[in-house]
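Numbering (our numbering), first residue to last: 22 to 252.
Note that CB positions come from ideal geometry on N, CA and C, so glycine has one too.
Heads up, the thing below is written out as structure tokens.
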Amino acid sequence: MPIDKPRNPVVDTIQQLGQTTVPVLESNIFCMTIIGQVEGHLVLPPQNKTTKYEHLIPQLVAAEQNPKIEGVLIVLNTVGGDVEAGLAIAEMIASLSKPSVTIVLGGGHSIGVPIAVAGNMSFIAETATMTIHPIRLNGLVIGVPQTFEYLEKMQERVVRFVMSHSRITEQKFKELMFKTGELTRDIGTTVIGPDAVTYGLIDAVGGVGAALRELNRRIEERRMQAGAVIQ
22 MPIDKPRNPV VDTIQQLGQT TVPVLESNIF CMTIIGQVEG HLVLPPQNKT
72 TKYEHLIPQL VAAEQNPKIE GVLIVLNTVG GDVEAGLAIA EMIASLSKPS
122 VTIVLGGGHS IGVPIAVAGN MSFIAETATM TIHPIRLNGL VIGVPQTFEY
172 LEKMQERVVR FVMSHSRITE QKFKELMFKT GELTRDIGTT VIGPDAVTYG
222 LIDAVGGVGA ALRELNRRIE ERRMQAGAVI Q
């Protein structure tokens, strides 16, 4: 029988991360990345860069339960993806008892919009963009009224979530969603960083430093509140 050779951790690190050493840092902040396409009930082709929602949900539960974790930073660069999976992630982030801050780097498109606004505070890089458009269906569509009612109800779920977690008005959000002429093959709007803040969709323009400062401020505020309750 062939004997399995022991795996070299240095070689594994080079293959996985492109570097020989991984910086070890004890942090009270859990950083979660949502990149590529949000994968839901269907497995996407292997060449697609995906974020699997069934991987993120237990991570968020672990961050909520771990007493060493005092805050959560969510970094987004996503093209969107499965609507129900995206909403599940957004609801999980919104229901955390610990401070959470989201930051859009590169893009937070489609179902990435509700995820981007789910934290206690949201940031967007100056050059980052967010695409707001109606929900679309892929594959076989049965042309009956019930299909379109289902689609409309799902879209309302997204709209209601965004309304309740940002300062944008329903009228403005739907105006951006149904705008024609801006996207080549679709209806909707691409919103750039400062415009997302102007519309009230995102709280502030800023990068990683600004997001971490805000998260640390909220963590300190929570500590003081906990100390006041104990006293």
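Alpha carbon to alpha carbon, how far is residue 186 from residue 97? Give it in angstroms, no decimals. 17 angstroms
Kindly list the residues whose CB is nearer than 8 angstroms to the CB of residue 62, restricted to its own chain and excluding five residues on each side of it in sequence; keep chain order. 103, 105 and 106
Touch test, the stretch 203-214 against the stretch 141-148, Cβ-Cβ under 8 angstroms, three pairs minimum: yes
What three-state label does DSSP hand residue 117 in the structure shown? coil
Reduced DSSP secondary structure (H/G/I, E/B, other) of residue 230: helix
Give me the residue from 110, 83 and 118 with the minimum Cα distance to residue 2. Here the chain has residues from 22 to 252 only, and residue 2 is not among them.
Please classify residue 209 as buried or exposed, where buried requires at least 16 other C-beta atoms within 10 Å of its C-beta. Label assigned to residue 209: buried.
In the structure shown, what three-state DSSP assignment does residue 209 receive? If DSSP states are grouped into helix, strand and coil, residue 209 belongs with coil.
What does the Cβ neighbour count give for residue 64, buried or exposed, with the cut at 16 atoms within 10 Å? exposed
Is it the case that the stretch 151-160 contacts the stretch 172-180, given that we only count it when at least three CB pairs across the two stretches are under 8 angstroms? yes
Continuous alpha helix (DSSP H) stretch holding residue 86: start and end: 74-86 is the span of the alpha helix (DSSP H), which, as asked, contains residue 86.
Where residue 88 and residue 237 are concerned, what is the direct C-alpha to C-alpha distance, given to the nearest angstrom? 16 angstroms
Give the secondary structure of residue 152 by DSSP, where H, G and I count as helix, E and B as strand, and everything else as coil. strand
Is residue 120 near residue 243, with beta carbons less than 8 angstroms apart? yes
Between the CA atoms of residue 57 and residue 162 - distance to the nearest angstrom: The alpha-carbon atoms of residue 162 and residue 57 are separated by roughly 26 angstroms.
Inter-residue spacing [alpha-carbon to alpha-carbon] between residue 223 and residue 241: 23 angstroms
Buried versus exposed call for residue 299 [16 or more other C-beta atoms within 10 Å across all chains shown]: No answer is possible for residue 299: it lies beyond the span of the chain, which begins at 22 and ends at 252.
Could you give the residue range of the alpha helix (DSSP H) that holds residue 167? 166-185
Boundaries of the beta strand (DSSP E) in which residue 54 is found, first to last residue: 50-60
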